[in-house]
Amino acid sequence: MKKYIILLASFVLLFLLGRVSYAQEDVTPTKEVVSPSKKEFREVNRPEAMKEKREEVKEKIDSKRRELIGKYFERMIRRFEAAIMRLEKLISRIEARLVKLKSSGQDTTGLELQLKAASDKLAQAKKDLDSLKENSDFLSSEDPKTTFSSIKQEVGLVRDEIKGVHQALVQIVTKIKGLRVGTTKDVDPTSVPSPSVTPTL
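Going by numbering that gives the first Met the number 0, the first residue of the sequence shown is number 0, and it counts up by one from there.
Listed below in structure tokens is the structure:
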């Protein structure tokens, strides 16, 4: 009986020791890896994200401006080419009219000199326009504002040359009409409007 009690006590003691050991292992602290929340991540990366967003928006705006500048440039080139062509035809008609006036005994020396000067100015305007078309690399500039300023200056030069020729031809036609010889309907300068430069940006 005594042996039985001792055996039972030993068994109970072993059981209790095992529970204590398990409990100690169970309460051992562990380091938990806490990942940053999405909000914290956004807070950390917000300045960089905002900078990238601003650069993206700026690039879109610059791209749109370059597109508008290109269209403006092409439109003005077409207008100038059409104006030069009309002025060339007008000069030819004036030359024909002066020949008739001269053959009728009129002194056309002064008018011929004025027409020659206007013709030379038109040739220069045409040359400058060709040069402008050949040097259109500035359309790919990374600075649209500077590009547009440069284009306006170059286009304005050609515009003023064409306007000067038109005004000179108007004066010549007016003088021809003053001679009151024949009809001058075929050299009406009002058919050649002066090109204008209107920025669209």
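Glycine included, each C-beta is placed from N, C-alpha and C at the ideal position.
Among 144, 128, 149, 121, the one whose alpha carbon lies nearest that of residue 231
Beyond the ends of the chain as shown, which are 0 and 200, falls residue 231; an answer cannot be given.
Residue 97 and residue 110 look like a contact to me (Cβ under 8 Å); what is the Cβ gap, rounded to whole Å?
If you number the sequence shown from 1, residue 97 lands on position 98. If you number the sequence shown from 1, residue 110 lands on position 111. The beta-carbon distance between residue 97 and residue 110, rounded to whole angstroms, is 6 Å. This is short enough to meet the 8 Å contact definition.
Identify every run of the alpha helix (DSSP H) within the region 106-182, keeping only runs that are complete inside it and at least 4 residues long; order them along the chain.
Within the region 106-182, the complete alpha helix (DSSP H) runs of at least 4 residues are 108-133, 143-177.
Does the beta-carbon distance from residue 114 to residue 60 come in below 9 Å?
On the sequence shown, residue 114 is found 115 positions in, with the first residue counted as 1. On the sequence shown, residue 60 is found 61 positions in, with the first residue counted as 1. Their beta carbons are not under 9 Å apart, which means residue 114 does not touch residue 60 by this criterion.
Reduced DSSP secondary structure (H/G/I, E/B, other) of residue 192:
Position 193 of the sequence shown holds residue 192. Because the pLDDT of residue 192 is 44, which lies under 50, any placement of that residue in the model is unreliable, and the number read from its coordinates should be weighed accordingly. Secondary structure of residue 192 (DSSP, three-state): coil.
Where residue 75 falls, given that 16 or more other Cβ within 10 Å makes a residue buried
Taking the first residue of the sequence shown as 1, we reach residue 75 at position 76. Classification of residue 75: buried, given that the 10 Å Cβ count is 16 or more.
Under 9 Å, do residue 153 and residue 168 count as touching if we go by C-beta distance?
Position 154 of the sequence shown, counting from 1, holds the residue named residue 153. Position 169 of the sequence shown, counting from 1, holds the residue named residue 168. The answer is no: Cβ separation not under 9 Å.
Among the residues of its own chain, which have a CB less than 7 Å from the CB of residue 160, if the five just before and after it don't count?
Taking the sequence shown and counting its residues from 1, the one referred to as residue 160 is at position 161. Around residue 160: 120, 123, 124, 127.
Work out the CA separation of residue 173 and residue 166 for me, nearest whole Å.
The residue you call residue 166 lines up with position 167 of the sequence shown. The residue you call residue 173 lines up with position 174 of the sequence shown. Here the alpha carbon of residue 166 sits roughly 11 Å from the alpha carbon of residue 173.
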